[in-house]
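K.L.:
According to full-length UniProt numbering, the sequence shown is numbered sequentially starting from 1.
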Amino acid sequence: IPDSLVYWDAGENLENTVAANRNIYSEKGYSLVTFNATNITASDLDVATNSARDSIINTVYTGSPSDTMGYLSDVFHSTPLRIHGPNYFYEDDDFYKYRTYQNTNREAMIYAGANDGMLHCFSDSTGDEMWAFIPNDQLPNLKNLLTEHRYYEDANAMAADIWFPSSPPPDTFKDKDEWGTVLIFGQRQGGWNYSALEVTDPYNPFFLFNFDTTMANLGETWSDAVMFKIHKNTFERKDDRFFAFLGGGYWPDSLYDIYDPSSFPPFGNAFYALDVVNMCGNTTPTIGTDYWEIPA
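#1: Rounded to the nearest angstrom, how far is the Cβ of Pro266 from that of Asn217, given a contact under 8 Å?
#2: Suppose you measure from the CA of Asp74 to the CA of Ala114; what does that come to, to the nearest Å?
#3: Where in the stretch 76 to 112 do unbroken runs of the beta strand (DSSP E), each at least 3 residues long, occur, reported from the N-terminal end onward?
#4: Taking the DSSP output, what are the residues bridged to Asp224?
#5: Which one of Gly191, Trp192, Lys174 and Phe164 has the shortest CA to CA distance from Thr181?
#6: Between Val60, Ala132, Asn16 and Arg106, which has its C-alpha nearest Leu146's C-alpha?
#7: State the DSSP-derived secondary structure class of Lys28, mapped to helix, strand or coil.
#8: Quick one: Cα of Ala42 to Cα of Gly190, how far?
#9: Out of Tyr98, Tyr101, Leu197 and Asp54, which has the shortest C-alpha to C-alpha gap to Cys121?
#10: Thinking Val276 and Ala244 are a contact (beta carbons under 8 Å), I'd like their distance in whole angstroms, please.
#11: Counting C-beta neighbours from all protein chains within 10 Å, is the total for Ile24 16 or more, i.e. buried, or is it exposed?
#12: Thinking C-beta only, is Lys28 closer than 9 Å to Asn193?
#13: Please report the distance separating the alpha-carbon of Tyr101 from that of Asp177.
#14: Considering only DSSP beta bridges, list what Thr181 is partnered with.
#15: CA-CA distance, Thr214 and Asp92?
#16: Check for me: the beta strand (DSSP E) holding Glu129 runs from which residue to which?
#17: What are the start and end residues of the alpha helix (DSSP H) that includes Ser51?
#18: When the distance is taken between beta carbons, is Ile40 closer than 9 Å to Arg53?
#19: Within 9 Å of any Cβ in chain D, is that where the Cβ of Asp290 sits?
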């Protein structure tokens, strides 16, 4: 592509960014934390010493010493997602006020996963990185950045505007301040986890929840999350709930014998429906109350 046709280059922008000025986060204890030596231990990264931990942290901020990645690794299967204002074609209680406010005040951002272990948020207008997020389950895998290329955050991020009732159902009204934009993303061949962030304020992401193998028999998380409103009571819109629907994932063919049914794994063989509000901040979600599993 001729340079004259390139509006901006996120990788080039990052190469010209002072590492200490980057905002890189992870999650511990269901809270967003800055990815640094204060918050991240050697044990978190599955290494024996603080020196090894510091080397990994430095690599994440500045690129791999073995040239397996730069400041920005390859964005391979993750299709960049642009988020600006809320959906123009969606209508609901007070949603138009929320939409009008966000369209006026929210800067457009581009979200993309990369094989450096991070979901990146870039300014749509400049290509500058606003922040990046490393899912907790990727922390022990980051040591591999020092020596080789692997898949990490290699799936599509999906977004939807969700109603967060301020009081238990049945709430009386969907106020404009109760709406928020939720981003859910898996890892494709990079892992077995889904993460959810609230990005209503794109400069200040908020961690919502994980959905992983401690809760479900997930395979590799190739399935894009699809979010919809569900009417729990057809005549009472105030009791609407918003669900994320996920496929169970992919199990690599090399790990079982297609001619031997007894070798088939119990992973990835279900469809999942997650009550987004119930899952938020819930470290021990209950099947049948917070999420549902439908065998495939």
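Even for Gly, the Cβ is constructed at its ideal location relative to N, Cα and C.
P.N.:
With the structure as the only source:
#1: Their Cβ separation, rounded to whole angstroms, is 5 Å, which keeps Pro266 and Asn217 in contact under 8 Å.
#2: Asp74 and Ala114: Cα-Cα distance of roughly 6 Å.
#3: Within the stretch 76 to 112, complete beta strand (DSSP E) segments of at least 3 residues are found at 81 to 83, given in chain order.
#4: Asp224 is bridged by DSSP to nothing; it lacks a bridge partner.
#5: Ranking the options by Cα distance to Thr181, first place goes to Phe164.
#6: With distances taken between Cα atoms, Leu146 lies closest to Val60.
#7: Strand, per DSSP.
#8: Spanning the two alpha carbons is a distance of roughly 21 Å.
#9: Looking at the Cα atoms, Leu197 is the closest of the given residues.
#10: With a beta-carbon spacing of about 6 Å, Val276 and Ala244 fall inside the 8 Å limit used to define contacts.
#11: Looking at its Cβ environment, which holds 16 or more other Cβ atoms inside 10 Å, Ile24 is buried.
#12: No.
#13: Cα to Cα, Tyr101 sits roughly 10 Å from Asp177.
#14: Answer by DSSP bridge pairing, in chain order: Asp161.
#15: CA-CA distance, Thr214 to Asp92, rounds to 35 Å.
#16: Boundaries of the beta strand (DSSP E) harbouring Glu129: Glu129 to Ile134, taken from the DSSP string.
#17: Its alpha helix (DSSP H) spans residues Asn50 to Thr62.
#18: In this structure, Arg53 sits near Ile40, with a CB-CB distance shorter than 9 Å.
#19: Going by chain labels, chain D is absent from the structure shown, which holds only one protein chain.
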